[in-house]
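What follows is a set of notes on a single structure, which appears directly below.
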């Protein structure tokens, strides 16, 4: 395990925006850990913490379901202390950071899936409690025999470095967190949910028409426009 923290400018920056970070942070590169979310929170002190790992043995999704590691994976989490008044949709911000770093071949499915060719290649988990927030990104870098509906982002098992991708995503995410507001128009362009028929529990259905400033999905239903703030949304094919 290796930890580093910049103490003088220039701080880590996005390779895409070329903007120096306003806030330095600790960065850990580890082997497989039970959960990068838990690791990041446990090591959080004064500065934000980034942990980058090749996988998790007890990774979890948004609903608590277990995250399945691909043959080559990336698990990265950021823990920090946001202001109590900061209620931006961090899961959507994390998605924008992922597409910026990984490229335009990827899309986002509201609220937390990273997609490629309509197959899931990654997921985002944001947890917030007791003044601490943790944002995690799990990616399938390579998967020789993925389950239905999933894929890896490359057919080459050695094409990506999980360390490089994890560090770049974390830097981009923290840069966006440091900014005011959030890139809602960019998210809308990346989101393949918009314009599609969607269903959600317990019995909602309609056409995904927009994303509001709070990150909620706006769905046109027979009863009008409904705001969906959380929950599993499924695209209907056809």
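Numbering (my numbering), first residue to last: 33 to 270.
Even for Gly, the Cβ is constructed at its ideal location relative to N, Cα and C.
Strand pairing of residue i, partner residues [DSSP]
i           : result
residue 214 : Bridge partners of residue 214: none, in fact.
residue 65  : 88
residue 259 : 250
residue 237 : 231
residue 105 : 172
residue 265 : 232
residue 98  : 92
residue 242 : 250
residue 72  : For residue 72, which the question treats as bridged, DSSP gives no partner whatsoever.
Residue i versus the options, residue with shortest Cα-Cα distance
i           : options            : result
residue 168 : 267, 251, 188, 73  : 73
residue 159 : 238, 122, 210, 188 : 122
residue 212 : 234, 117, 252, 75  : 117
residue 171 : 206, 208, 188, 130 : 130
residue 17  : 228, 232, 217, 233 : The chain is shown only over 33 to 270; residue 17 falls outside these bounds and no answer can be derived.
residue 87  : 165, 187, 195, 59  : 195
residue 99  : 258, 124, 157      : 157
residue 119 : 214, 228, 242      : 214
residue 166 : 254, 242, 107      : 107
residue 271 : 261, 115, 155, 254 : There is simply no residue 271 to check, as the chain begins at 33 and stops at 270 in what is shown.
Under 8 Å between C-beta atoms of residue i and residue j
i           : j           : result
residue 83  : residue 109 : yes
residue 173 : residue 102 : yes
residue 251 : residue 240 : yes
residue 126 : residue 205 : yes
residue 272 : residue 66  : Since the first residue shown for the chain is 33 and the last is 270, residue 272 is missing from the structure and cannot be characterised.
residue 209 : residue 76  : no
residue 80  : residue 112 : yes
residue 259 : residue 248 : yes
residue 207 : residue 267 : no
is_contact[residue i, chain B] using C-beta, thresh 8 Å
i           : result
residue 222 : In the structure shown, chain B cannot be found, because there is only a single protein chain.
Mind the definition here: the segment 129-149 touches the segment 194-201 only if three or more C-beta pairs lie below 8 Å; say whether that holds.
-> yes
Identify every run of the beta strand (DSSP E) within the segment 176-232, keeping only runs that are complete inside it and at least 3 residues long; order them along the chain. 229-232
#### Entry: Meets three-Cβ-pair contact criterion under 8 Å: the segment 138-152 and the segment 221-241
yes
| message | For the segment 145-152 against the segment 176-185, do three or more pairs of beta-carbon atoms, one drawn from each stretch, fall closer than 8 Å, so that the two count as touching? | response | yes
Which complete beta strand (DSSP E) runs does the segment 134-181 hold, if anything under 3 residues is left out?
139-141, 145-148, 151-161, 164-174
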